[in-house]
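K.L.:
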Amino acid sequence: MIVKQILAMKSGPDEIVTIRPDTTVAEAARLLSERRIGAVVVSSDGRKAEGILSERDIVRELGRSGAEVLERTASEMMTRKVSTCVCADDALEVLERMTQGRFRHLPVVDDKGEMLGVVSIGDVVFGRLKELNAEKEALTGMIMGN
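The sequence shown runs 1 to 146 under the UniProt record's numbering.
#1: Excluding sequence positions up to five away, which residues of its chain have a Cβ less than 6 Å from the Cβ of GLU131?
#2: Which of helix, strand or coil does DSSP assign to MET144?
#3: Could you tell me which residues DSSP pairs with GLY117 in its beta bridges?
#4: How about LYS10 and GLY113: are their beta carbons less than 9 Å apart?
#5: By the 10 Å Cβ neighbour count, where 16 or more other Cβ atoms means buried, how is THR140 classified, buried or exposed?
#6: Per the contact definition of three or more C-beta pairs closer than 8 Å, is the stretch 69 to 80 in contact with the stretch 19 to 27?
#7: Have a look at MET144 and ARG128 and give me their C-alpha separation to the nearest angstrom.
#8: Buried or exposed: which applies to ASP57, given that a residue is buried once 16 or more other Cβ atoms fall within 10 Å of its Cβ?
Dropping the structure here:
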């Protein structure tokens, strides 16, 4: 399975949730909660990722510095080195990269670096499970002579 297929399987609107770099962490946390998502892409133009801000980033800073971090901006707290993938990437390779890098969200970009979507580790695992089930059904069919 490739990333393009995973994006196509995602339920819900096919929008990329972004915030501007000057958005407060409190506003970002509210958006994460409302949308029931684990991370948001930080982007000035909504097309190219400048960073990513996750629930983990916020909780880690809350634990270190307390509630005042909620007044800081996304650009102060975001992960600046954003890993990305492309539609043709293999799901297993993406899953391995996410596991090794210890991150759960990956923007999908085109050849110009513009975002086409975001996949989560849950999206990739779900896609892989569907793929394994299809393989199992095909093998069962072959064994049973169907």
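For glycine and all other residues, C-beta sits at the position ideal for the given N, C-alpha and C.
P.N.:
On the basis of the data shown:
#1: Excluding positions up to five away in sequence, the list reads MET1.
#2: DSSP places MET144 within a helical segment (H, G or I) once states are collapsed to three.
#3: Bridge partners of GLY117: VAL108.
#4: No, these two residues do not count as a Cβ contact at 9 Å.
#5: It counts as exposed.
#6: Result yes; three or more Cβ-Cβ pairs closer than 8 Å.
#7: Cα to Cα, the separation comes out at about 24 Å.
#8: ASP57 is buried by the Cβ-count criterion.
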